[in-house]
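J.: Before anything else, here's the structure in question.
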Amino acid sequence: MRKNFNFTLFAILLGGMFCFQSCESEQPAQTPDEVAVDNSKTEDQDERDETVKKIIYSIPSPVEMASLLQKSGVEFDSSILNPVDNSSKYSTAKKQALNLG
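Numbering of the sequence shown is given in my numbering, commencing with residue 1 and proceeding in unit increments.
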């Protein structure tokens, strides 16, 4: 009986130690300097987002491209088209995209 009591006491103490150990955080508290670094990361991200928006918005839409071609007065020339007989050479999406230009 004494042996059983010692084992139970040991199990309870060991379980309690694991519970208290798991509650302890290993990460140090953030200092104000570290918080400022996190803010600068978001500012950098905002700058990158703005740069990407400028690049994407500078690409003309298909409607704008059609309007530009129409205003330039360029005429259609069917002699520069790829012959229909070559369609079997463009079996993958990559090859089709290259053919399209």
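Even for Gly, the Cβ is constructed at its ideal location relative to N, Cα and C. Keep in mind it's a predicted model, so treat the numbers as computed, not measured.
If you follow the alpha helix (DSSP H) that M67 is in, where does it begin and where does it stop?
T.: What sits at residue 67 in the sequence shown is Ser, not Met. Counting along the chain, the alpha helix (DSSP H) containing S67 begins and ends at 62 to 72.
J.: Measuring only between beta-carbons, confirm whether Y90 sits less than 9 Å from chain C.
T.: The chain labelled as chain C is not found in the depicted structure, where only one protein chain is given.
J.: According to the Cβ coordinates, are Y90 and L81 closer than 9 Å?
T.: Inclusion of Y90 and L81 in the CB contact set at 9 Å is not warranted, their separation being larger than that value.
J.: Assign L98 to one of three DSSP states: helix, strand, or coil.
T.: helix
J.: On the three-state DSSP scale, how would you describe N82?
T.: Coil.
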